[in-house]
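Student: Take this structure, written in structure tokens, and hold onto it; I'll ask about it next.
Protein chains: 2
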Amino acid sequence: MPPAAKTQEPLITSTTDLSPADAKWLTLQRLTYVDQTGASRTWEVASRKTRARTSGGVDAVAIGNVLLYPAPRPPATLLVIQYRPPLDAYTVEWPAGLIDEGETAEEAAVREFAEETGLKGCEVLGTSPVQAADPGLSNATMKMVMVRVRVEEGELPEQRLEDGEHIQRVVVPLGELYERLVEYSKQERTVVAAKLFHFAAGMEFARVNREEYGL
Amino acid sequence: MPPAAKTQEPLITSTTDLSPADAKWLTLQRLTYVDQTGASRTWEVASRKTRARTSGGVDAVAIGNVLLYPAPRPPATLLVIQYRPPLDAYTVEWPAGLIDEGETAEEAAVREFAEETGLKGCEVLGTSPVQAADPGLSNATMKMVMVRVRVEEGELPEQRLEDGEHIQRVVVPLGELYERLVEYSKQERTVVAAKLFHFAAGMEFARVNREEYGL
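Order-wise, the sequence lines are chains A and B. Each residue of the first sequence is one higher than the last, beginning at 1 in full-length UniProt numbering. Each residue of the second sequence is one higher than the last, beginning at 1 in full-length UniProt numbering.
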């Protein structure tokens, strides 16, 4: 068992400009390109320095997940809440992580899911194509891997977190995901990640408009 | 009518490191923060320099949209495909843009939707809470505004694009959105944006698992 963590509100104490040469994780670059009309133009881009050579050009995985409980408890999904310094806020996300050298997206997903949630033995249901995380700002890419795991009632098993990781887990019935994310968004210092919110909004859109739009 | 654009494949001709002082749009910073246990830690973050003072801390809007046609044509959504230098690829996205000074998210959505699609008179159906675009990498935030517009059969009206914008429009039936995005992902030099893909994956998840998971 790790020692009980002292808990206090995280606080940013300084912000300094960083030259790309001094940064370990990110870089800032100016691209010069010739556009469709033959004109020369520029674009500014933030990139990760950590993309694995073997990852097929993909930085990260997000782990969509279904938790199946003994009846009558409905199927649920596990979300992680953690302090994210870039936003100086707690974010609500699906478990996620960078792909390590030599890993496939599926291997990274199973590893990160076990580390962040404590749940082992998940089944991979499918993997999305490569997606652009925020294409106007960065070259960051990711795949969503959807997993499913059977869970007995009771406490979630212990996480295996890296030094400095403080990740709270919450389990939300799939049928309540959208409304729960809207509720989280109203909490102080709390922001839902766009990818998770869009997935939930898509579920809700299909449910509400099923008959009218023939979905 | 604008002059017919010469069309050639865009090409990146140079990539140079950029110090935050020399960048116009983005900056790279190191944050120092005290975490939940009282330990001092650092995090690297990319930020936009352009966030409007009046936007409530939100950088951008993405415009989810429903196009209603005369029966029997099914309801559809309009996607934009454009060359994105950060990825050196064409991305498939919903129309989107930065919020200007003095605009609400809804005003920015109606303006950008008209500019990028040529469709005027859209009705705003709803606005999401603030979402974090890529919370491990940047402080970028956005809201999704969902709009609906009635469209007559025929050509889409002319776009009003800014200098340097080359945006192709495609109209996809809502019921085929997920499979069409999977198909786009297989095309050469083409990547779907994560937010749009997650929305479509959520719709598909709800459709496929409706009965089994009670969605």
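Built from N, CA and C at the ideal position, the CB exists for glycine as well.
1. Report the three-state DSSP secondary structure of V45 of chain A (helix, strand or coil).
2. In the stretch 41-58 of chain B, which residues sit with their C-beta less than 9 Å from some C-beta in chain A, listed in chain order?
3. Could you check how far apart the C-beta atoms of Y90 of chain B and T7 of chain B are, in whole angstroms? I think they sit under 8 Å.
4. Taking the alpha carbon of E162 of chain B as the reference point, which residue from B:V45, B:K143, B:N139, B:R111 has its own alpha carbon closest?
5. Using a Cβ-Cβ distance under 9 Å, would Y33 of chain A count as near chain B?
6. Count the other C-beta atoms from every protein chain shown that fall within 10 angstroms of the C-beta of I12 of chain B, then say buried if there are 16 or more, exposed otherwise.
7. Could you check if F197 of chain B is buried or exposed, using at least 16 other CB atoms within 10 Å of its CB as the buried criterion?
8. Leaving out the 5 sequence neighbours to the left and right, which residues in its chain are closer than 7 Å to Y184 of chain A when beta-carbon positions are compared?
9. Under a Cβ-count criterion, where at least 16 other Cβ atoms within 10 Å of its own Cβ denotes burial, should R150 of chain B be classed as buried or exposed?
10. Give me, in chain order, the residues of the same chain whose beta-carbon lies closer than 7 Å to that of L98 of chain B; leave out the 5 immediate sequence neighbours on both sides.
11. Mind checking whether P74 of chain B and G214 of chain A have CB atoms under 9 Å apart?
12. When you compare the CB positions of V34 of chain A and P10 of chain B, do they come within less than 9 Å of one another, or not?
13. Taking just the CA atoms, how far does Y178 of chain B sit from residue 219 of chain B?
14. So, helix, strand or coil for residue 236 of chain B, using DSSP?
15. With a threshold of 16 other CB atoms inside 10 Å of the CB of E212 of chain B, please say whether the residue is buried or exposed.
16. Counting only beta-carbon atoms, is E9 of chain A nearer than 9 Å to chain B?
17. Taking the alpha carbon of N65 of chain B as the reference point, which residue from B:G57, B:S40, B:Q29, B:E106 has its own alpha carbon closest?
18. Checking 9 Å against the spacing of the C-beta atoms, do R148 of chain A and L125 of chain A come in under that value?
19. In whole angstroms, give me the CA-to-CA distance for P95 of chain A and L79 of chain A.
20. So, for W25 of chain B: in the same chain, excluding its five sequence neighbours on each side, which residues have a beta-carbon less than 8 Å away from its beta-carbon?
Tutor: According to the data block:
1. Against the first sequence, residue 45 of chain A aligns to sequence position 45. Looking at V45 of chain A - three-state DSSP - the assignment turns out to be strand.
2. Within the stretch 41-58 of chain B, the qualifying residues are R41, T42, W43, E44, V45, A46, S47, R48.
3. Residue 90 of chain B sits at position 90 when you count from the first residue of the second sequence. Residue 7 of chain B sits at position 7 when you count from the first residue of the second sequence. Going by Cβ atoms, the distance from Y90 of chain B to T7 of chain B rounds to 13 Å, so no, they are not a contact pair.
4. Translated into positions along the second sequence, residue 162 of chain B becomes position 162. Taking only the C-alpha atoms, the option nearest E162 of chain B is B:R111.
5. In the first sequence, the residue the question calls residue 33 of chain A occupies position 33. It does; some Cβ of chain B falls within 9 Å.
6. Against the second sequence, residue 12 of chain B aligns to sequence position 12. By the neighbour-count rule (16 or more Cβ atoms within 10 Å), I12 of chain B is not buried but exposed.
7. Position 197 of the second sequence holds residue 197 of chain B. Note on F197 of chain B: 16 or more other CB atoms within 10 angstroms of its CB, so buried under the neighbour-count rule.
8. Numbered from its first residue, the first sequence carries residue 184 of chain A at position 184. Excluding positions up to five away in sequence, the list reads V92, T190, V192.
9. To locate residue 150 of chain B, count along the second sequence from 1; it is residue 150. R150 of chain B should be labelled exposed.
10. The count along the second sequence starts at 1 and reaches residue 98 of chain B at position 98. Beyond the five residues adjoining it in sequence on each side, L98 of chain B comes within less than 7 Å, by CB distance, of T50, D59, A60 in the same chain, given in chain order.
11. Locating residue 74 of chain B in the second sequence gives position 74, where the first residue counts as 1. Locating residue 214 of chain A in the first sequence gives position 214, where the first residue counts as 1. Yes.
12. Position 34 of the first sequence holds residue 34 of chain A. Position 10 of the second sequence holds residue 10 of chain B. Yes, these two residues count as a Cβ contact at 9 Å.
13. The first residue shown for chain B is 1 and the last is 215, placing residue 219 of chain B beyond what the model contains.
14. Nothing can be reported for residue 236 of chain B, as the shown portion of chain B is limited to 1 through 215.
15. Here the question's residue 212 of chain B lines up with position 212 in the second sequence. Burial is judged here by how many other beta carbons sit within 10 angstroms of a residue's own beta carbon; E212 of chain B has fewer than 16 and is exposed.
16. Position 9 of the first sequence, counting from 1, holds the residue named residue 9 of chain A. Cβ-Cβ to chain B under 9 Å: yes for E9 of chain A.
17. As a working mapping, residue 65 of chain B is identified with position 65 in the second sequence. Closest option to N65 of chain B, Cα to Cα, is B:E106.
18. Residue mapping note: residue 148 of chain A aligns to position 148 of the first sequence, counting from 1. Residue mapping note: residue 125 of chain A aligns to position 125 of the first sequence, counting from 1. Yes, Cβ-Cβ distance for R148 of chain A and L125 of chain A is below 9 Å.
19. Working through the first sequence from its first residue, we reach residue 95 of chain A at position 95. Working through the first sequence from its first residue, we reach residue 79 of chain A at position 79. Just so you know, the alpha carbons of P95 of chain A and L79 of chain A end up roughly 7 Å apart.
20. Locating residue 25 of chain B in the second sequence gives position 25, counting from the first residue. Once the five neighbours on either side are set aside, the close Cβ partners of W25 of chain B are R48, K49, T50.
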